[in-house]
Amino acid sequence: MNRSFLQAFGLNKDAIDQILDACGAQINALKKQLTKLSERNRALQAGLDAANARLAGYEAMDLGGLQQELMRERALRKLEQRRRILARNLMMAGCMDADYILLAMGEAQPSEDWLLDDPEAFTRAARRKYGAYFATEPQGRPLKTAGNEPGPR
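Positions in the sequence shown are counted from 1; adding 168 to them yields the working numbering.
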């Protein structure tokens with residue numbers, strides 16, 4: 169819209185000035201709004217780009233390998249807990265060197281071979297095979313375990 173367009177409608181100079189001033193103010197307000205929206209759009213785009221970059225990093229992860237590693241860690245922790253139960257039973261039965269007995273009976277390496285269901289049977293077998301490493305009187309009752317729970321003392 170320009171001055172000649174408005175003059176074609178027969179408007180006087182003051183009316184045309186008012187119309188053009190109002191139109192100019194609206195245009196300036198819309199330009200400011202456009203500038204703010206453009207800045208916001210750039211900020212949002214930068215955030216989106218950063219999120220996409222992080223997502224690409226997660227997609228590149230080897231989830232199968234991580235799951236296998238987690239399963240191995242859980243198995244090792246379970247075996248180590250079982251080893252501690254066996255060592256505790258040996259000490260409660262009067263064993264003077266539980267680590268040596270575990271090593272001698274093949275317990276040093278965490279493997280499924282030594283995961284015994286009956287810690288008391290393991291202790292009895294160790295006492296029979298390595299009796300010299302046990303005190304004559306046991307220090308206490310061996311722990312009875314059902315799963316991972318220690319029994320009454």
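Glycine included, every Cβ here is placed at the ideal spot set by N, Cα and C.
Computed from a predicted structure; not experimentally measured.
* Secondary structure, beta strand (DSSP E): runs of 3+ residues fully inside the segment 218–278 -> none
* Asked: For F177, which of helix, strand or coil comes out of DSSP?
  -> coil
* How big is the Cα-Cα spacing for Q249 and E227? -> 34 Å
* Asked: Does the distance from the CB of L254 to the CB of F290 come in under 7 Å?
  -> yes
* If you pair each beta-carbon of the segment 286–300 with each one of the segment 261–277, do three or more pairs fall below 8 Å? -> yes
* Nonlocal neighbours in the same chain, by C-beta distance under 8 Å from I184, ignoring five residues either side -> R171, L174 and Q175
* Whole-angstrom distance between C191 and S206, CA atom to CA atom -> 22 Å
* Which value, in whole angstroms, describes the spacing of the CA atoms of E237 and R222? -> 22 Å
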